[in-house]
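Heads up: the sequence shown begins at 1 in the working numbering, then just goes up one per residue.
The C-beta atom is built at its ideal place from N, Cα and C for all residues, glycine as well.
None of the values given here were measured: they were computed from a predicted structure.
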Amino acid sequence: MNITTATAANAAGTVSVRATDQGVPVELHIDPRELRHGAGHLAGQILALSRRATLEAAALRRGELAAQGMPDALLDRMGLPTRDEVARVQRDDDEQRQPTSWLRSV
């Protein structure tokens, strides 16, 4: 059986996660500079990147199965996202991460 994976990284490229289409992280890279932000922040990044990599891998898997002739209806029932769905989720995630203020709390 072929295992489909994808990698997602933060904007700075300092944290990256490679995960399977089933959501299993198989590789993690953390630049030591990220450790200064604290465990909670790092854990949040890892979880978000794991979700993003899983979604991307699932879309890749859908493409592989579609190329082998599997009907879209069956791919939908399997819960495999389309490229458009991946793009929409990533766009929504990016919008949620935009700063609402450039001021920091004191």
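His37 has its alpha-carbon roughly 36 Å from the corresponding atom of Arg62. Assignment of Val86 by DSSP, reduced to helix, strand and coil, places it in the helix class.
For the pair His41 and Met70, the Cα-to-Cα distance works out to about 40 Å. Exclusion of the five residues before and after Asp31 leaves Thr14 as the residues of its chain whose Cβ lies within less than 6 Å of its Cβ.
Around the Cβ of Arg77, a 10 Å sphere holds fewer than 16 other Cβ atoms; the residue is exposed. Between Ala8 and Arg52, the CB-CB gap stays under 7 Å.
Judged by DSSP secondary structure, Ile46 falls within the alpha helix (DSSP H) whose first and last residues are Ala39 to Ala67.
In chain order, Thr14, Val15 and Leu42 place their CB closer than 7 Å to the CB of Glu34, counting only its own chain and leaving out the 5 sequence neighbours on each side.
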